[in-house]
Each structure stands twice: as structure tokens, then as C-alpha cells.
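Peer 1: Take this structure, written in C-alpha cells, and hold onto it; I'll ask about it next.
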Amino acid sequence: MGMIKKYRSVTALAIIGLLFAGTACKKGHDNTGVEYAPQMYEAVGYEPYRQIRPNTINPEGLNMRLPARGTVARPNYHTKFGSGASATTDLMIYNIPADSIGMAERVLTNPIPDSEKSLAEGQVLYTRYCSHCHGAKGKGDGLVGKEYKGVPNYSSDAYKTMNDGHIFHVITHGKGRMWPHGSQITPEDRWKIVQYVHKLQQG
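Going by the working numbering, the first residue of the sequence shown is number 332, and it counts up by one from there.
Structural data, given as C-alpha cells:
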């Protein structure tokens, strides 16, 4: 009896398959047949704020939602350089991709004027974030650097000529085994570190 039921099931499936095939053969070659999940093929392009037909799910018919309560904004840093009539305010946003270090070398220059104060602050920041690998004097002999191996000496070979953009980009995005520090150090502080690294390049 079990075998008979099994054969009947197979026969029924075969007949259903033939019916579908016969129906499909009668349709034109441009007919796509039945579409499953048509929203995957005919997606609605949502406008950022309101549709002609308002969104019935979100409050006030908006597509965009307000940030969740307690969301912490990631700021764009406005920093004032200089004093008096020559003071300028630059919006310090860094949008050069991680794989474009050559672009950073060509287009970036340090917006912070050289001064004893900024250099001293750069030394403090360098000691806090960089010296454990790069060493107090930039010789690549920090305690962590000794374990990593291959940490560069700033005052040797091509490292002596690394410019503002190169150093800033590497601090931001990392390079090789060096991890990125862009999320830990503000753009202004990164530029101060750049100033201090230039001092270390001099040996």
C-alpha cells in the first residue's frame, strides 16, 4: 500500500508539472510568467522626506526617521587658527579614502601654524597615542614596536621626507600593521602630531 501511495504522489506531481509546462508554452516569449516577490523587481524609489503618496507607517508621512533617543552625533570639527584679523575657521573634514594615500600627499597641508605651543601639544599627543610603537624619539623602538618588528625609523631613508598629507592620512586610516586612529584622535590633534613627527624626522 505504501508503494502505491508513493507512486500516486509522484504521478500527481508529474501531471501538475505538465499542466504548468503546457500553460507556459502557450504564452509569448516576452511573458515572464508568475512573479514571486514582485517588490524585488519593481522596487519603489523612496524620496528622502515625503512621497506623493505619504508613508503610512512613519510619523507625519515621512520616510526618514529621527535618530533614536540618546544617539551621539559624530561632529564635524570647526577649528579656529590664528588670532586677530588673520584668524580663520576651517571645517576639518577628512574624506580622502583609505586607499588614496597619494592623493593625500598631493593635496593636504597642515592648517595649524607652527608654534611652540602646538609642537608641545603634538609631543604630548604623540606620547599618548604613538610612542608605544614608534618610540619616544621616532626610532621604531617602542615596547610594542619591538614585538611587532618593522616599525619605521622616522629619520631614516624615505621616512625622512614624508610630508604633511602622508603622515595625516596614515594616522587617520592606518597603514600595513598600523591600525587607524581617526576615530580616537580629532583632526586638529592629528595635525599637531604631524608637526611633532616632522621634528622627529630631523633626527
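We put the CB at the ideal spot given by N, CA and C, even for glycine.
What separation, rounded to the nearest whole angstrom, lies between the Cα atoms of Leu-422 and Pro-442?
Peer 2: With a pLDDT of only 48 at Leu-422, under the threshold of 50, the placement of this residue in the model should not be trusted; the figure read from the coordinates follows. Approximately 11 Å, taken between the alpha carbons.
Peer 1: If you reduce the DSSP assignment to three classes, tell me which class Lys-530 lands in.
Peer 2: DSSP places Lys-530 in helix when its eight states are reduced to three.
Peer 1: Roughly how far, in whole angstroms, is the beta-carbon of Tyr-460 from the beta-carbon of Gln-515, given that I think they are within contact range, below 8 Å?
Peer 2: Yes, Tyr-460 and Gln-515 are in contact; Cβ-Cβ is about 7 Å, under 8 Å.
Peer 1: So what does Met-509 bridge to, in DSSP terms?
Peer 2: DSSP lists Lys-506 as partners of Met-509.
Peer 1: Once DSSP output is grouped into helix, strand and coil, what is the label at Leu-393?
Peer 2: Leu-393 falls in the strand class under three-state DSSP.
Peer 1: Three Cβ pairs or more, each shorter than 8 Å: is that satisfied between the segment 390-399 and the segment 465-476?
Peer 2: No, they do not touch.
Peer 1: Determine the DSSP secondary structure at Ile-347, reduced to helix, strand or coil.
Peer 2: Helix, per DSSP.
Peer 1: Assign Asp-488 to buried or exposed, taking buried as 16 or more other Cβ atoms, counted over all protein chains shown, within 10 Å of its Cβ.
Peer 2: Exposed, by the Cβ-count rule.
Peer 1: Taking the straight line between their C-alpha atoms, what separation do you get for Lys-448 and Gly-496?
Peer 2: Distance between the alpha carbons of Lys-448 and Gly-496 is about 21 Å.
Peer 1: Starting from Val-475 and walking both ways along the alpha helix (DSSP H), at which residues does that stretch end?
Peer 2: 474-479 is the span of the alpha helix (DSSP H), which, as asked, contains Val-475.
Peer 1: Whole angstroms are fine: how far does the CA of Arg-437 sit from the CA of Trp-535?
Peer 2: The structure shown does not extend to residue 535, since the chain spans only 332 to 534, so no value can be given for it.
Peer 1: For Ala-429, which residues of its own chain have a beta-carbon under 6 Å away from its beta-carbon, when the five flanking residues on both sides are left out?
Peer 2: These residues qualify, in order along the chain: His-504.
Peer 1: What are the start and end residues of the alpha helix (DSSP H) that includes Gly-433?
Peer 2: Run containing Gly-433: 432-438, per the alpha helix (DSSP H) assignment.
Peer 1: CB Asn-484 to CB Gly-507, shorter than 8 Å?
Peer 2: In this structure, Gly-507 does not lie closer than 8 Å to Asn-484 by Cβ.
Peer 1: When DSSP labels each residue in this structure, what does Met-493 get in the three-state scheme?
Peer 2: Met-493: coil per DSSP, three-state reduction.
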